[in-house]
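Written out below as structure tokens is the structure these notes cover.
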Amino acid sequence: MKILVCISKVPDTTAKISFTDGDTKFNEAGVQFIINPYDEWYALVRGLELKEANNGTVTTISVGGPDYDPIIRKALAIGADAAVRIDAQPTDSYQVASEIANYAKDNGYDMVLCGKETIDYNGSQVGGMIAELMDLPYVSLAVKLEVNGTIATIERDVQGGTEVVEVSGAFVLSASKGMAEQRIPNMRGIMQARTKPLTVVPASGSSAMTEVVSYELPPAKTACKMVDAEDMDELISLLHNEAKVI
Amino acid sequence: MDFSFTENQTMVQQMVRDFAEKEIRPNMMKWDESQEFPIEVFKKLGDLGLMGVLVPEEYGGSGMSYDEYIVVVSEIARVCGSIGLSVAAHNSLCTGHIMYFGNDEQKKKWLPKLATAEHIGAWGLTETGTGSDAGGMATVAVEDGDDYIINGSKNFITHAISGNIAVVIVRTGEKGDSHGMTAFVIEKGTPGFSGGKKEDKLGMRASETACLFFDDCRVPKANILGKVGEGFIQAMKVLDGGRISIGALGLGIAKGALDCSIKYSKEREQFGKPISQHQAIGFKLADMATEVEAAELILYQAAYLKNNKFPVVKVSAMAKYLTSEVAVRNSNEAVQIHGGYGYTKEYPAEKFYRDSKLCTIGEGTSEIQKLVISRELLRE
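Protein sequence lines correspond, in order, to chains S and G. Here the first sequence stands for residues 1 to 246, numbered as in my numbering. Here the second sequence stands for residues 1001 to 1380, numbered as in my numbering.
What follows is the structure, encoded as structure tokens:
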């Protein structure tokens, strides 16, 4: 069983977000980066569980520069067998998906797993695009994945319940919370990560289809105004005139 | 010179933080209250390779250096000093003694089990009558055929009850002769060998401390580490590494005390603004953070010397002394910054305050460190 897991690099959840170049670029200065949690906790760990049960291999794939290597090595420390980094700066979902699809299509993977979204751009697009570009079925927002021979049974969260889907042959899946439990790498894994293959391959030259014009931060939280519990008139006046919600 | 963390250190830091937040923080006050030694946590730490950090891979350990070891102990202690202390004692004392002075057969026999926490390790030097003056010990081993027979007791021993094996240093020669003591490995279940009542301590309450008793305890000569008469010299060398270990413990507590103080001082408002915005508190935070940075630098300097097999006695004593005192000062300020709430168990400051005090006492008091430092200075 050959499993490909897409790994993206995102700012740590506690990172302070700011922009440079006239609000067109994310300011990476002083920011600590982590593996996108949906990629790590759910897609990668479920991939590893399937590999362990079925005697397969897990390869991770990322599109990025050498700055991606530390987080890729963490994926190797958690248990992936090998890693591929496509040497290009990620620009938009299409470019990333296209680079991954171009690499994956010649390598005969049984499944391509990714997180349901990255926690920075929240695009939820890469998985679907990879599937389309590789002409494979795509199951999104999956919470459970079982494989029996060539049949994969996948559960998805739908409004008010669960949908069960069956796929035959290779497929692409985006993993949601619940698919697996976070694995903390052990010291041996960390040591072994240095000797596992991290192959850097040149980009196929896919280009972005979109361009970021600008970013802006949400408005800062304003101070809380306390109104005396007895003073309903004041409260209503504030809600009407200042907050303009009634 | 490069002051940045290596990729390994960063990965180890993240791993230990994840573990501490998940497995230690939610339960630490319960363990502290009841003085419970949570053995299952140490088994999990063993699975992660954190109970044999410095043990070479061929003996089942993680094969890392003091650089990563400091990260392990300090990041655990940043959350809970008790668990940090037990990890430090297991790794650097019992396991360290066998690793540095055991023969290949002894290493193969005991290290793999210690490195995975299948065995919890204890180490015994101190006695009721001898703490800083360890050389004056009264516990005696007398040769008898292929064995030695040990009589006496050891005091304030981490893991004396739950430990599966203990390395103990006992008298085999004349009192006052630094070559009159020998290190033995004793396995739990050996007739005449037992643990005493658990000490009821101020802090570090989840780390088990008790006496070890030897009552005509027969130990085979095969369990002697190194040569007869070298036990005390070995113990002093083990403590050179132990000082880095306790230094990491102090550093972690000092950082934890700073973390909770920053958090609280940004949330707590007095006179219309967060107390962090009052200079009285802001300056305390500045002092605490500055001392943490200085303590961390000297500790990694000691690690550098130890990793490269340079003389480390003076700098490791300095590192142990400084980090321990900073741990106590920062924990004291953390309680002060938290005010009345700092005096309650609702906030972590009081636990840092209680736990920190062990650092200036255990594995050589601050006064003994100063003695070591001054002797080294005057010898130079």
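C-beta: ideal position from N, C-alpha, C; glycine also.
Identify every residue that forms a DSSP beta bridge with residue i.
i	result
Trp1123 of chain G	G:Val1167
Gly161 of chain S	S:Val158
Arg1218 of chain G	G:Ile1149
Glu1143 of chain G	G:Tyr1148
Val139 of chain S	S:Leu173
Phe19 of chain S	S:Phe26
Leu113 of chain S	S:Val5, S:Leu173
Lys1154 of chain G	G:Leu1212
Val306 of chain S	Past the boundaries of the shown model lies residue 306 of chain S; chain S is included only from 1 to 246, so the question cannot be answered.
Glu1007 of chain G	DSSP, once it has assigned bridges, lists no residue as partnering Glu1007 of chain G.
Ala1183 of chain G	G:Ile1169, G:Leu1225
Ala152 of chain S	S:Val147, S:Val167
Glu1230 of chain G	G:Met1181
Val299 of chain S	Missing from the structure shown is residue 299 of chain S; chain S here goes from 1 to 246 and no further.
Lys1273 of chain G	G:Gln1270
Lys51 of chain S	Answer is none; Lys51 of chain S lacks a bridge partner.
Lys1198 of chain G	G:Ala1210
Thr1130 of chain G	G:Glu1127
Over the uninterrupted beta strand (DSSP E) stretch that includes residue i, give me the two end residues.
i	result
Thr1190 of chain G	Note, Thr1190 of chain G: premise wrong, no beta strand (DSSP E); not H, not E.
Ile1161 of chain G	No beta strand (DSSP E) contains Ile1161 of chain G, which DSSP labels as neither H nor E.
Under 8 Å from any heavy atom of the ligand SAM, does the C-beta of residue i make it?
i	result
Ala1317 of chain G	The ligand SAM is not part of this structure, which contains no ligands at all.
Just reading off the alpha helix (DSSP H) that residue i is part of, what are its end residues?
i	result
Cys1359 of chain G	1349-1359
Cys1080 of chain G	Looking at the DSSP string, Cys1080 of chain G is not in any alpha helix (DSSP H), and its letter there is neither H nor E.
Phe1042 of chain G	1039-1047
Arg1268 of chain G	Segment: none, Arg1268 of chain G is in no alpha helix (DSSP H) and carries neither H nor E.
Gln1106 of chain G	1104-1115
Pro1056 of chain G	Unbroken run through Pro1056 of chain G: none, as it is neither H nor E.
Leu1371 of chain G	1366-1379
Thr1344 of chain G	It is not in any alpha helix (DSSP H) - Thr1344 of chain G carries neither H nor E in the DSSP assignment.
Glu1293 of chain G	1279-1307
Gly1362 of chain G	Segment: none, Gly1362 of chain G is in no alpha helix (DSSP H) and carries neither H nor E.
Lys244 of chain S	Here Lys244 of chain S belongs to no alpha helix (DSSP H), and DSSP marks it neither H nor E.
His1097 of chain G	1096-1101
Leu76 of chain S	69-78
Leu128 of chain S	In the sequence under discussion, the amino acid at residue 128 of chain S is Gly, which differs from the Leu named in the question. Its alpha helix (DSSP H) spans residues 126-134.
Val96 of chain S	93-104
Ser1034 of chain G	1028-1034
Next item on the list: Pull out every residue of the region 181-200 of chain S whose Cβ sits closer than 9 Å to any Cβ of chain G, in chain order.
Entry: Gln182, Ile184, Pro185, Asn186, Met187, Arg188, Gly189, Ile190, Met191, Ala193, Arg194
Notebook entry, point to check: Using Cβ-Cβ distances below 9 Å, what residues of the region 1002-1015 of chain G are close to chain S?
Noted result: Glu1007, Asn1008, Thr1010, Met1011, Val1012, Gln1014, Met1015
Check: Using Cβ-Cβ distances below 7 Å, what residues of the region 72-84 of chain S are close to chain G?
Finding: Arg73, Lys74, Ala77
Note to self: Please give the ranges of any alpha helix (DSSP H) in the region 162-238 of chain S, keeping only runs that are unbroken, at least 4 residues long and fully inside the region.
What the structure shows: 187-193, 232-237
Checklist line | Near-chain S residues of the region 1110-1136 of chain G (beta-carbon distance less than 8 Å), N- to C-terminal order | finding: none
Note to self: Going residue by residue through the region 22-46 of chain S, where are the continuous beta strand (DSSP E) segments of at least 3 residues, counting only ones entirely within it?
What the structure shows: 33-35
Item checked: Cβ contact (3+ pairs, closer than 8 Å) linking the region 117-124 of chain S and the region 148-162 of chain S -> no
Checklist line | Cβ contact check for the region 136-154 of chain S and the region 205-218 of chain S: 3 or more pairs under 8 Å | finding: no
Margin query: Check whether the region 1268-1281 of chain G and the region 1030-1050 of chain G touch, using three or more Cβ-Cβ pairs below 8 Å as the test.
Written below: no
Check: For the 8 Å Cβ check, are there 3 or more pairs between the region 1320-1328 of chain G and the region 1341-1359 of chain G?
Finding: Because the criterion of three Cβ pairs below 8 Å is met, the region 1320-1328 of chain G and the region 1341-1359 of chain G touch.
Notebook entry, point to check: Hey, is the region 1309-1328 of chain G in contact with the region 1156-1168 of chain G, meaning 3+ C-beta pairs nearer than 8 Å?
Noted result: With a cut-off of 8 Å, the region 1156-1168 of chain G and the region 1309-1328 of chain G do not count as touching, because too few Cβ pairs lie within range.
Margin query: Please identify, using Cβ separations under 9 Å, the residues of the region 45-75 of chain S that lie next to chain G, in order along the chain.
Written below: So the close ones are Asp69, Pro70, Arg73, Lys74.
Notebook entry, point to check: Three or more C-beta pairs closer than 8 Å, one from the region 1240-1258 of chain G and one from the region 1285-1297 of chain G: is that the case here?
Noted result: yes
Notebook entry, point to check: Okay, do the region 24-37 of chain S and the region 96-106 of chain S touch, 3+ Cβ pairs below 8 Å being the bar?
Noted result: Contact between the region 24-37 of chain S and the region 96-106 of chain S is absent: fewer than three C-beta pairs spanning the two stretches fall below 8 Å.
Notebook entry, point to check: Taking any Cβ of chain S, which residues in the region 1043-1056 of chain G have a Cβ under 9 Å from it, in chain order?
Noted result: Asp1047, Leu1048, Gly1049, Leu1050, Gly1052, Val1053
Check: Okay, do the region 1168-1177 of chain G and the region 1050-1061 of chain G touch, 3+ Cβ pairs below 8 Å being the bar?
Finding: Segments in contact, no.
Notebook entry, point to check: Any residues in the region 1138-1164 of chain G with a beta carbon nearer than 9 Å to a beta carbon of chain S? Which ones, in chain order?
Noted result: none
Next item on the list: Pull out every residue of the region 1062-1080 of chain G whose Cβ sits closer than 9 Å to any Cβ of chain S, in chain order.
Entry: Ser1062, Gly1063, Met1064, Glu1068, Val1072
Next item on the list: Please name the residues in the region 1251-1272 of chain G whose beta-carbon is closer than 7 Å to at least one beta-carbon of chain S, in chain order.
Entry: none
Notebook entry, point to check: Does the count of Cβ pairs from the region 194-202 of chain S and the region 56-75 of chain S closer than 8 Å reach three?
Noted result: Because the criterion of three Cβ pairs below 8 Å is met, the region 194-202 of chain S and the region 56-75 of chain S touch.
Next item on the list: Using a Cβ-Cβ cut-off of less than 7 Å, list which residues of the region 1013-1039 of chain G approach chain S; keep chain order.
Entry: Met1015, Asp1018, Phe1019
Check: Can we say the region 1091-1104 of chain G touches the region 1133-1149 of chain G, given the rule of at least three CB pairs closer than 8 Å?
Finding: no
Check: When the Cβ atoms of the region 213-230 of chain S are set against those of the region 166-182 of chain S, are three or more pairs found closer than 8 Å?
Finding: No, the region 213-230 of chain S is not in contact with the region 166-182 of chain S.
Next item on the list: Tell me, please, whether the region 1064-1078 of chain G touches the region 1194-1209 of chain G by the rule of three or more beta-carbon pairs shorter than 8 Å.
Entry: no
Notebook entry, point to check: Do three or more CB pairs link the region 1220-1227 of chain G to the region 1342-1354 of chain G at distances below 8 Å?
Noted result: no
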